[in-house]
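First up is the structure itself, then whatever we jot down about it.
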Amino acid sequence: MITYNDRRFIIGKEEYAPYAAELHYFRIQKKYWSICFERIKKAGFKIISSIVPWNLHEDDTRNFDFSGFSDPTKDLIVFVELVREFGFKLILRPGPWVFSEYNLNGLPKFLEKYPEIFARTATGELLRSVNRADVPASYYPSIGTPRYMNFVRHYFNGLTEIIKNYVYPRGPLFLMELDSGNYFGGHFDPHLADYNEFVVKELFPIWLQDQYEEIKGLNKVYSSKYKEFQDVEPPLEFTNVPPKQMAKVFDWFKFKESLMENHLIELREMYKTFSCEPMFIRTLSFTNDFQSPLDSPRLPGEGCLDSVSLSWDHTTGENLSRVRHLRTVSEFPYVCELPVGNWSYKPERSREYYPIGADATRYMMTVGFAGGAKGVSYHMFAGRDHWYGSALASDGTIQDSYELVKTFNINAQMHEISACNPIADIGVVTYKPYAWESLLKFENEHKSLSQYLHSYTMPKFGRDLDMLKFDFGVPSLSNPASLDKFGTLVIPVSDVMDEKEQNHIIDLAKSGHNIILIGTLPQYDTAMQPCTVLVKALRCKTTKEFKLGRVTADGQEFSSMVFGFLKTTEKRKKVLAKVAQKVVALSYSKYKGTVVLISFDPSTETNHHKMTFLEQILRSCKIKRYVETSNPRIRALVHKGDKKLVLFLMNSTPPLQFKEAAGGLTRTAVRLDLKALGFKGARIKMTDLFATEEVISTTAADLSSGLYFTMSELDGRAYLLTSR
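Residue numbering for the sequence shown follows the working numbering, starting at 265 and increasing by one per position.
Given below as structure tokens:
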């Protein structure tokens, strides 16, 4: 049996702490494999992870080498045998498309002889994948084309002939990644993929027929006169899209999501056909704004785990939000790539001018675990080309981050910190159609409220919650189970929202959930048909605006972007804010839960008047605050377990690793409300999880008053609190 519970992998009758060390066998000389394994084992790891590049093992004559006959670095067989000999379990990431700054993204060069198997842009050009560090990128394959999948099938046949003999219980392999978390080669713009002729002429019409059944249904939605589904062309223009064409645009995004989902399902079925059946994992694909992944909510069937990757290319808020989303929608939040070091065009130069050592690694680890990760794979634990700052060099030499990761790894397992869970009663909700709309271009007077909410208001609102020390999850409006976890839900609303989601919002309010709606009430569903469930339920209409206004609210006055003005006939309501004499915020008491409707941007940008207004709204929802800091920019998150707490502190200045900051140390007082946390004990022991012996002896009274911590730039801390 291969499965997982809420905090461990279960392999047979044994449970494994879900911490993996990633090294790439083909990027390390064979003579150093054992040295690396010895030091990885001493660091407390029991799991090894590696990618497997297709083009490393299949040559242009279609022959395979997995035994190192032509090159010792290709000896996957000995590598897996050595993994078993050292007592490790194994995760493999065989693509077929891989990232990790590898040549042609792991795709064989001979595929370029067949241009019909590659994705095309809306203008008919071949689509080049994203790659980094000046490494040649492949053309991105058109994942729906039969000929490409036949090439993949040949590769999987050769690969599984080797690795199926090492799948547990016959060997150490227990988990395999389906592709590499790519979304059309790393391209999110809708006009870039995939306009391959087979996709456009065959797959898209079949998908449309599944959705509409009859062509007259599609014509009604599209305001068109097509005779057959095969006549329908995908949208080509994504700038200033008029409302009447949005239904087709939304369908294009839905189709692309389906295309990716079916591709992963087909890969999984291929493995099973070749008698290779470990557990599988997929990596979710995110844009660089508010974290709503563009993948399908969950692959159907059993035995597939979702994961996210973190990166120094993203801000702390973006990385945190990815993990927060995953922990909300998944029972086992796993980070498949937590960077130890960073990619680089020229590692030696980067090491000199932009060093990433133990302090930076500690910060990124704090972000991952504070966000709610139960398991992580440290990428890269052992060094490779186009990378610097790993825990081990490619010859096994111990580097700056090694002792840090080792200490935390051992402490985390010894104290079972994965048994502690985030305390979050607020859900900052994402809605995928708004994520899609954020990828469109709107110019001049063609403003998109959905885009503004998704890419600006909601991320800033999340940062405000961090500053106010309210932890939160990131549920999806289309995933009812993820919404039910939170007493208060902050939901963006704009012109478009499907009936199912609107009805569920009202049902949540009726069942006692507090609902904070930001934006204007929906008028249409994603088929652009009238849909006014929320308008009718709240008896409220919106007069549209999109301009700066001066808001007054309970003694506070501040400037904010105004989305519209509210008019309601509901008697069980309270006016919360106005611009001049026009209402821009209401509170409803007609349901078991409170409903707040705000038609301006409530994100504060540290404006203390707006912050006071926001605190008043949260206070009305009876949300508890468990931790406070004297410096609002210091993030402080608390996880609770049985008779123990974990306190995470993050100084997130500067917002990115290589940006210049004001400099210097930051001193902040941190106060915990132990009574509200249900933590008993007058004498408290605080154990630094990143240190071997550093323990702070304190008292509940001192923690309630506040303890001082001195933090440097991009500094992360993790303390275990127990009674002594």
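Yeah, the Cβ is synthetic: ideal placement off N, Cα and C, and Gly gets one too.
Within the DSSP bridge table, the entry for Gly783 names Val757 as partners. Around the beta carbon of Phe736, 16 or more other beta carbons lie within 10 angstroms, which makes this residue buried. Pairing Ala655 with Leu913, the inter-Cα distance amounts to about 23 Å. Between the C-alpha atoms of Tyr720 and Leu442 there is a straight-line separation of about 32 Å. Using a Cβ distance threshold of 8 Å, Asp762 and Cys795 count as a contacting pair. Sorting Gln677, Ser314, Ser824 by C-alpha distance to the C-alpha of His873 places Ser824 at the top.
DSSP lists Val760, Pro794 as the bridge partner or partners of Tyr788.
Per DSSP, Ile479 is one residue of the alpha helix (DSSP H) stretching across 479-486. In this structure, His451 is the residue among Ser334, Val416, Arg417, His451 with its C-alpha nearest to the C-alpha of Ala386.
Taking a cut-off of 8 Å on C-beta distances, the segment 766-774 does not touch the segment 699-719, as fewer than three cross pairs fall below it. Annotated three-state conformation of Tyr716 is helix, per DSSP. Membership of Ala624 in the alpha helix (DSSP H) is indicated by the continuous run 622-635. Unbroken alpha helix (DSSP H) stretches of 4 residues or longer found wholly inside the segment 290-364: 297-306, 318-321, 340-349, given in chain order.
Within the segment 510-558, the complete beta strand (DSSP E) segments of 3 residues or longer fall at 543-547, listed in chain order.
DSSP, read as helix, strand or coil, puts Pro410 in helix. DSSP places Arg935 in the uninterrupted beta strand (DSSP E) bounded by 930-936. Remark: C-beta atoms of Leu909 and Val859 do not approach each other more closely than 8 Å. A contact between stretches requires three or more CB pairs, one per stretch, nearer than 8 Å, and the segment 561-570 fails this requirement with the segment 606-618. Residues of the same chain with a CB within less than 7 Å of the CB of Thr951, apart from the 5 flanking positions on each side, are Val959, Tyr983, Leu984 in chain order. A direct Cα-Cα distance of roughly 22 Å separates Met510 from Phe550. Minimum Cα-Cα distance from Arg532 among the listed residues Asn421, Ser987, Ser682 corresponds to Asn421. Ser539 and Arg326 have their C-alpha atoms some 22 Å from each other. Our two residues, Gln663 and Ala307, have alpha carbons roughly 13 Å apart in a direct line. Residue range 580-593 is occupied by the alpha helix (DSSP H) that includes His589. Looking only at Phe438, Tyr476, Arg981, Gly660, the smallest Cα-Cα distance to Lys295 is reached by Gly660. According to the DSSP secondary-structure assignment, Asn915 is paired through a beta bridge with Ile898, Asp979. For Met265, no beta strand (DSSP E) run applies, since DSSP gives it neither H nor E. A direct Cα-Cα distance of roughly 15 Å separates Leu467 from Glu530. Only exposed fits Met678, as fewer than 16 other CB atoms lie within 10 angstroms of its CB. Boundaries of the alpha helix (DSSP H) around Phe877: 872-884. Comparing alpha carbon positions, the residue from Tyr695, Leu713, Ser702 closest to Leu741 is Tyr695. Residue burial annotation: Gln715 is buried, with at least 16 other C-beta atoms found within 10 angstroms of its C-beta. CA-CA distance, Lys837 to Tyr855, rounds to 11 Å.
Within 10 angstroms of the beta-carbon of Pro400 lie fewer than 16 other beta-carbons, which makes it exposed. A Cβ-Cβ contact shorter than 8 Å links Asn606 with Gly653.
For the pair of segments examined, the segment 620-640 was found to touch the segment 583-599: the number of CB pairs separated by less than 8 Å reaches three.
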